[in-house]
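Participant:
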Amino acid sequence: MIQHKTARGKAALERLKVFEGIPPPYDKKKRVVVPNALRVLRLKPGRKYTTLSKLSSAVGWKYEDVVAKLEAKRKVSSAEYYAKKRAFNKKVATASAATAESDVAKQLAALGY
Numbered sequence: 001m002i003q004h005k006t007a008r009g010k011a012a013l014e015r016l017k018v019f020e021g022i023p024p025p026y027d028k029k030k031r032v033v034v035p036n037a038l039r040v041l042r043l044k045p046g047r048k049y050t051t052l053s054k055l056s057s058a059v060g061w062k063y064e065d066v067v068a069k070l071e072a073k074r075k076v077s078s079a080e081y082y083a084k085k086r087a088f089n090k091k092v093a094t095a096s097a098a099t100a101e102s103d104v105a106k107q108l109a110a111l112g113y
């Protein structure tokens, strides 16, 4: 909670920026997960919790189904990205294993590289 009646709180409210969705400079960036913020690591087993979507829809937000559709679409594209990444890493591993056995690699290893 922000103390909106104090001068410090009023200044904080003026600096606060709230976006619905992801703002344009950040919507094309790769998203990452902060491990320390995961519910599995932070909450005790059996502890009650709520999500922001449930809380906001309970007070009248109308776009929960739209966000659910977009989240399903994001999960599909994320799975495709992960499959491509795994295939690429597999190719890199096989290529590095193939080059490790070459004559040039043996000569470089003899020289300390």
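All the letters of the sequence shown, read from the start, carry residue numbers 1 to 113 under the UniProt record's numbering. For glycine and all other residues, C-beta sits at the position ideal for the given N, C-alpha and C.
In chain order, what are the residue ranges of uninterrupted alpha helix (DSSP H) at least 4 long that sit wholly in the segment 13-43?
Facilitator: 39-42
Participant: Let's see if you can read the secondary structure: which residues bound the alpha helix (DSSP H) around lysine 90?
Facilitator: For this step, residue 90 is matched to residue 90 along the sequence shown. 64-100 is the span of the alpha helix (DSSP H), which, as asked, contains lysine 90.
Participant: Nearest to lysine 30 by CA position, among Thr99, Ser78, Lys62, Thr6, is which residue?
Facilitator: Here residue 30 is taken as the residue at index 30 of the sequence shown, counted from 1. Measuring from the Cα of lysine 30, the nearest candidate turns out to be Ser78.
Participant: Would you give the residue range spanned by the alpha helix (DSSP H) that lysine 54 belongs to?
Facilitator: Along the sequence shown, read from residue 1 onward, the residue named residue 54 stands at position 54. Per DSSP, lysine 54 belongs to the alpha helix (DSSP H) from 52-58.
Participant: Can you check whether the CB of alanine 12 is closer than 9 angstroms to the CB of isoleucine 2?
Facilitator: Here residue 2 is taken as the residue at index 2 of the sequence shown, counted from 1. Here residue 12 is taken as the residue at index 12 of the sequence shown, counted from 1. It is a contact, given that the beta carbons lie within the stated cut-off.
Participant: Below 8 angstroms on the Cβ atoms is my contact criterion, and I expect tyrosine 49 with leucine 43 to pass it. Report the Cβ-Cβ distance as a whole number of Å.
Facilitator: To locate residue 49, count along the sequence shown from 1; it is residue 49. To locate residue 43, count along the sequence shown from 1; it is residue 43. Sure, about 6 angstroms apart at Cβ, within 8 angstroms.
Participant: Which whole-angstrom value describes the C-beta separation of valine 32 and serine 53, a residue pair presumed to lie in contact below a C-beta threshold of 8 angstroms?
Facilitator: As a position in the sequence shown, residue 32 is number 32, starting the count at 1. As a position in the sequence shown, residue 53 is number 53, starting the count at 1. Actually they are not in contact, since the Cβ atoms of valine 32 and serine 53 sit about 21 angstroms apart, beyond 8 angstroms.
Participant: Please state whether DSSP places glutamine 107 in a helix, a strand or coil.
Facilitator: In the sequence shown, counting from the first residue as 1, residue 107 sits at position 107. In this structure, DSSP gives glutamine 107 a helical state, which the three-state scheme calls helix.
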